[in-house]
Structure formats: C-alpha cells, structure tokens
Amino acid sequence: MTVPPALLSHESTEHYTPQYILDAVIACMDAIDLDPASNSREIPNVPAVRHYTAQDNGLVQPWEGRVFLNPPFGPGVERWFSKLYQERSTGQTTEAIVLWKSATETAAWKTLTAISCRVCFPSARIQFVGPDGDEGPGPTFSPALFYVGSRAERFKETFAGIGAVWVVPGSAPIQLPSMPLMPISLIGHQG
16 MTVPPALLSH ESTEHYTPQY ILDAVIACMD AIDLDPASNS REIPNVPAVR
66 HYTAQDNGLV QPWEGRVFLN PPFGPGVERW FSKLYQERST GQTTEAIVLW
116 KSATETAAWK TLTAISCRVC FPSARIQFVG PDGDEGPGPT FSPALFYVGS
166 RAERFKETFA GIGAVWVVPG SAPIQLPSMP LMPISLIGHQ G
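Numbering (my numbering), first residue to last: 16 to 206.
Okay, structure coming up:
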C-alpha cells in the first residue's frame, strides 16, 4: 500500500518558525540568547544572540540563557529534549520555549513534558516557512509550544492569543506569594 503524500508529516527536517511565534517567544522571555538548531549564522530565521547550525552540532555545545528550540523534526528528536533537560538541570538554560508536535504517545513527549510547566496548543495549525521562504501546505500534525522556566504566568498571558495554554500534569504547583497554602482540613472550617 502506498501512503498518499498528503499524509506524510514532512518532506524535510527544515521547518522554519513563523514570525508571529517568534514575536510571542520574545515577548515572553524578553530576548532569545540561543537557537541551538539554527538554519544559518549569516541569515538566521530566529533573532537570537547565538546560533548553532548543523555544522556546529548544537547537541554538544553549551546552552546558556534563554533558549528557543525548533528542533529538526525527524528521527532522533528526543536527543534535543534530553539535552535541554540536562542544560536546565545544571542551570545553564534559564528558560526555554520549544516548538514541536503534539505527539503524546512518544518518548520524546515524555522527556519534554518532564521539564515543562506549560504547553500551548495553537488554535490553528502553524504554517511553517520552508528554506525558500515560502509557506508550505502546512503540517499534517498539530504543533505545540512548551515552556520551561519560572515565568509560567507570563507564558500563559503571552501565548493565550495563539491557543489554549495548559498546565503540564505533574509539573510543580505555583504558589502565590500573598496566599499561603492551608491544609485542606482548614479550608471552609468555621471554627
């Protein structure tokens, strides 16, 4: 049986992030220090301070500061999320936003959600830009944007216009500084 081309998720691993997503990333994190999976250092799609291209192999380089990651979509993508996990765990990466697909059944999803506290499910499919600068027919999968960091509410506010923002199950609860947590047994107690 032949699979129709329309059902294939991509012909290339090159899926450049559209400008409105980059604008939201910058609004959330104030700037992008690193794009570890960049298309180019000379004419990069992502306006980051530093760029690692395929020739640099971002998987073996340090990821310092605020990171935006749109990894190569294809085999081995989990290595990018494991690297982010490692860099966040050591404190090198202070904050990150990852653009990837909503593939909840994969090991890559489990790795990514282990360090994310919020995920945005865009209301419409993201129209990635191809290497020639043209929008392609669009992905056959539903993308998602993951937030790794301590400013979860800012991510929610910034990305709410793009889609629904959910708390990642199992992520650490956020305590409001002005509201101390009370034992459940005291809530509603008229004593």
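Think of the CB as a built atom: it goes at the ideal place given N, C-alpha and C, for glycine as much as any other residue.
Note that the stretch 124-132 touches the stretch 91-104; at least 3 beta-carbon pairs, one per stretch, sit closer than 8 Å. Using a Cβ distance threshold of 9 Å, residue 76 and residue 51 count as a contacting pair. Comparing C-alpha distances from residue 157 to each of 62, 139, 186 and 120 shows the shortest one belongs to 139.
With at least 16 other beta carbons inside 10 angstroms of its own, residue 53 counts as buried. For residue 80, the three-state secondary structure derived from DSSP is strand. Between residue 61 and residue 108, the beta carbon gap of about 15 Å keeps them out of contact (Cβ cut-off 8 Å).
Contact check for residue 39 and residue 49: beta-carbon distance about 17 Å, past the 8 Å limit, so the pair fails to qualify. Residue 145 carries a coil assignment under DSSP once its states are collapsed to helix, strand and coil. Annotation for residue 43: 169, 170 and 173 place their beta carbon closer than 6 Å to its own, counting only its chain and skipping 5 residues before and after. In the structure shown, the three-state DSSP call for residue 50 is strand. When secondary structure is reduced to three states using DSSP, residue 126 falls in the helix class. Going by beta carbons, residue 115 and residue 90 fall outside the 9 Å limit. Around the CB of residue 57, fewer than 16 other CB atoms lie within 10 Å, so the residue is classed as exposed. One thing to note: residue 126 has its Cβ no nearer than 9 Å to the Cβ of residue 162.
In terms of CA proximity to residue 145, 59 leads the group 120, 45, 59 and 47. Setting aside the 5 residues that flank it on each side, residue 180 is surrounded in the same chain by 133, 135, 171 and 174, each with a C-beta closer than 6 Å to its C-beta; the list follows chain order.
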